[in-house]
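K.L.:
There are 2 protein chains.
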Amino acid sequence: MAGLRERQKAKRNRSILTAASALFGQVGYEAARIDAIAEAAEVSVGTFYNYFENKADLLLAIVSMEVEEVLHQGESVVAAPPATAEAALFALISTYYDHSLVYLTKEMWRTAMALSIQHPETPFSRRYFELDAALAEQVTALLRGLQARGTIRRDADAAALGEVIFADLNAMFTGFTMDETMPLATLTGRMAAHVAALTGLLAPPLRTV
Amino acid sequence: MAGLRERQKAKRNRSILTAASALFGQVGYEAARIDAIAEAAEVSVGTFYNYFENKADLLLAIVSMEVEEVLHQGESVVAAPPATAEAALFALISTYYDHSLVYLTKEMWRTAMALSIQHPETPFSRRYFELDAALAEQVTALLRGLQARGTIRRDADAAALGEVIFADLNAMFTGFTMDETMPLATLTGRMAAHVAALTGLLAPPLRTV
DNA sequence: GAAAAAAATTGAACGCATTCATTTTTTCAG
DNA sequence: CTGAAAAAATGAATGCGTTCAATTTTTTTC
């Protein structure tokens with residue numbers, strides 16, 4: 001029968017998350033007041049806090065959804081990467097970037113990044129960096145695949161380079177979220193330049209190692 | 001005569017900054033209450049806000065001091081870099097890392113990074129990224145110097161790689177500040193691994209280009 | 001050196017996230 | 001179906017950064 005209680009709880013959870021998501025989109029995360037979210041979701045402020053630990057918890061729910069989808073899409077790229085190292089890295093990173101504004105605004109991303117850094121002992125931060133690590137792992141997996149097929153030099157440290165590349169794409173993405181006027185194309189263009197610089201170094205020696 | 005007003009203002013400014021710095025060190029940035037800082041500095045809360053725009057402004061003053069000193073030390077490394085690319089990069093980055101906890105705690109760094117990301121239109125953020133850019137520029141300058149002297153391949157894109165390396169050392173530093181138990185040696189060790197991976201790619205071709 | 005003007009100080013008041021004691025609703029035992 | 005127990009909902013209270021109107025101190029003017 002799934003109990004009245006269970007059903008109501010699920011409905012309210014959804015209701016709050018929907019209301020919050022809408023408000024974040026309309027007025028921004030910081031400007032969205034808890035009592036406004038509660039009101040839109042037709043619950044009291046106290047009840048809101050029965051469903052979510054705090055305001056950040058709402059954001060985490062949305063970020064998780066976003067990154068999980070992007071990880072899923074990234075898998076396809078890793079499974080069948082384009083011919084050149086440059087194209088392969090570009091494809092994977094573009095996948096990340098292109099998906100980034102589906103559920104979140106730049107301000108929401110900034111807030112998520114800030115919170116994850118500021119309070120490392122928090123479930124928010126743990127989950128955020130878990131997702132980050134999964135993305136970095138995906139970059140490393142791509143590099144390994146390229147090595148296996150001889151597209152890049154086999155003597156390169158794929159794990160270290162995967163981390164380096166992820167740190168870089170992450171930093172560029174941070175820069176993107178910090179400039180409300182920057183279009184996605186600019187981000188992609190900058191990323192392409194860095195990818196070119198790196199893949200230029202990753203070409204295998206002429207006589208295969 | 002330097003006017004009574006001027007002198008008092010300077011004294012109070014120092015007094016507040018000293019009190020804040022001490023409290024941040026003792027109880028942490030977040031736990032330090034504005035009224036406690038004001039009390040320790042023997043001013044009212046209202047007066048505090050005549051001297052500093054907000055709590056973050058205090059942090060910015062301390063961060064600026066820190067980074068300016070580190071930039072100064074970095075100059076020496078860039079002016080006379082060690083013999084190998086690996087040693088040179090390691091020396092520069094170690095300089096940054098080794099100085100990092102002189103004025104700031106890990107928590108203060110985290111807060112500074114978080115604030116700089118979260119509120120990009122803020123003087124805090126602008127100044128913080130100005131300092132960041134100066135550090136990245138120093139890495140690029142080092143790479144250029146190494147290229148000029150033939151230590152690393154001349155066909156590498158020094159500007160792009162400087163940014164990549166800075167993004168990476170920054171990400172590793174962020175990780176360091178997020179783990180209260182991580183000693184500096186661990187950070188340095190990880191950085192060494194990444195530097196080795198990168199300089200492995202940067203060796204000039206055997207017949208000079 | 002007194003009065004007017006300018007600058008700085010002050011603490012009470014405000015906004016907003018979060019907590020908590022109380023009340024209401026739902027479930028369960030008999 | 002009833003009453004006790006468990007769970008959830010509620011909104012008033014709290015804590016803390018920041019603002020602001022009123023007061024005090026310093027400087028300037030004559």
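Chains as they are written, first to last, in the numbering used here: chain A, 1 to 209; chain B, 1 to 209.
Here a beta-carbon is modelled for each residue, glycine too, at the ideal position from N, C-alpha and C.
Within this structure, are the beta carbons of residue 59 of chain B and residue 29 of chain B separated by less than 8 Å?
P.N.:
The residue given as residue 59 of chain B occupies position 59 in the second sequence. The residue given as residue 29 of chain B occupies position 29 in the second sequence. In contact: residue 59 of chain B and residue 29 of chain B (Cβ atoms closer than 8 Å).
K.L.:
Distance cutoff 8 Å, beta carbons only. Does residue 117 of chain B sit that close to anything in chain A?
P.N.:
Stepping through the second sequence from its first residue, residue 117 of chain B is reached at position 117. Chain A, which has a Cβ nearer than 8 Å to the Cβ of residue 117 of chain B, makes this yes.
K.L.:
Only counting the same chain, and skipping five residues up and downstream in sequence, which positions put a Cβ closer than 8 Å to that of residue 6 of chain B?
P.N.:
For the purposes of this step, residue 6 of chain B is taken as the residue at position 6 of the second sequence. If we look at residue 6 of chain B and ignore the five residues flanking it on each side, it has no Cβ neighbours.
K.L.:
What does residue 135 of chain B reach in chain A if we use C-beta pairs closer than 9 Å?
P.N.:
Sequence index remark: in the second sequence, residue 135 of chain B carries index 135 (1-based). What residue 135 of chain B touches in chain A: nothing, since even the nearest Cβ is about 13 Å away.
K.L.:
Leaving out five residues before and five after residue 163 of chain B in sequence, what residues of the same chain have Cβ atoms less than 7 Å from its Cβ?
P.N.:
On the second sequence, position 163 is the one that residue 163 of chain B refers to. Here the set comprises 136.
K.L.:
Where does the unbroken alpha helix (DSSP H) through residue 29 of chain B begin, and where does it stop?
P.N.:
For the purposes of this step, residue 29 of chain B is identified with residue 29 of the second sequence, where counting begins at 1. Per DSSP, residue 29 of chain B belongs to no alpha helix (DSSP H) and is neither H nor E.
K.L.:
Going by beta carbon distance, what residues of the same chain come within less than 8 Å of residue 84 of chain B, once the five residues before and after it are set aside?
P.N.:
As a working mapping, residue 84 of chain B is identified with position 84 in the second sequence. Taken in chain order, the residues that qualify are 151, 199.
K.L.:
Helix, strand or coil, according to DSSP, for residue 152 of chain A in the structure here?
P.N.:
Stepping through the first sequence from its first residue, residue 152 of chain A is reached at position 152. If DSSP states are grouped into helix, strand and coil, residue 152 of chain A belongs with coil.
K.L.:
Rounding to the nearest angstrom, what Cα-Cα distance links residue 24 of chain A and residue 108 of chain A in this structure?
P.N.:
In the first sequence, the residue the question calls residue 24 of chain A occupies position 24. In the first sequence, the residue the question calls residue 108 of chain A occupies position 108. Computed Cα separation, rounded: 8 Å.
K.L.:
For a contact meaning CB atoms closer than 9 Å, what does residue 110 of chain A contact in chain B?
P.N.:
Position 110 of the first sequence, counting from 1, holds the residue named residue 110 of chain A. Under the 9 Å cutoff, chain B gives 117, 118, 119, 120.
K.L.:
So what does DSSP say about residue 177 of chain A, is it helix, strand or coil?
P.N.:
Here residue 177 of chain A is taken as the residue at index 177 of the first sequence, counted from 1. In the structure shown, residue 177 of chain A sits in a helix (DSSP, three-state: H, G or I).
K.L.:
So, with DSSP's three-state summary, where would you put residue 146 of chain A?
P.N.:
One-based indexing of the first sequence puts residue 146 of chain A at position 146. If DSSP states are grouped into helix, strand and coil, residue 146 of chain A belongs with the helices.
K.L.:
Taking 8 Å as the cut-off, does the segment 138-148 of chain A touch the segment 87-102 of chain B (at least 3 CB pairs, one atom from each stretch)?
P.N.:
As far as the Cβ criterion goes, the segment 87-102 of chain B does not touch the segment 138-148 of chain A, which means the pair count is below three.
K.L.:
Tell me whether residue 137 of chain A sits in a helix, a strand or coil according to DSSP, three-state version.
P.N.:
Against the first sequence, residue 137 of chain A aligns to sequence position 137. Residue 137 of chain A falls in the helix class under three-state DSSP.
K.L.:
Flag this pair as yes or no: are the beta carbons of residue 12 of chain B and residue 43 of chain B separated by less than 8 Å?
P.N.:
As a working mapping, residue 12 of chain B is identified with position 12 in the second sequence. As a working mapping, residue 43 of chain B is identified with position 43 in the second sequence. Their beta carbons are under 8 Å apart, which means residue 12 of chain B touches residue 43 of chain B by this criterion.
K.L.:
Which residues in chain B sit within 9 Å of residue 164 of chain A, going by Cβ to Cβ distance?
P.N.:
Taking the first sequence and counting its residues from 1, one reaches residue 164 of chain A at position 164. 164, 165, 167, 168, 171, 194, 197, 198, listed in chain order.
K.L.:
Would you say residue 161 of chain B faces chain A, with C-beta separation under 8 Å as the test?
P.N.:
Taking the second sequence and counting its residues from 1, one reaches residue 161 of chain B at position 161. Answer yes: the Cβ-Cβ gap between residue 161 of chain B and chain A drops below 8 Å somewhere.
K.L.:
Tell me where the alpha helix (DSSP H) around residue 96 of chain A begins and ends.
P.N.:
Taking the first sequence and counting its residues from 1, one reaches residue 96 of chain A at position 96. Element bounds for residue 96 of chain A: 85-99.
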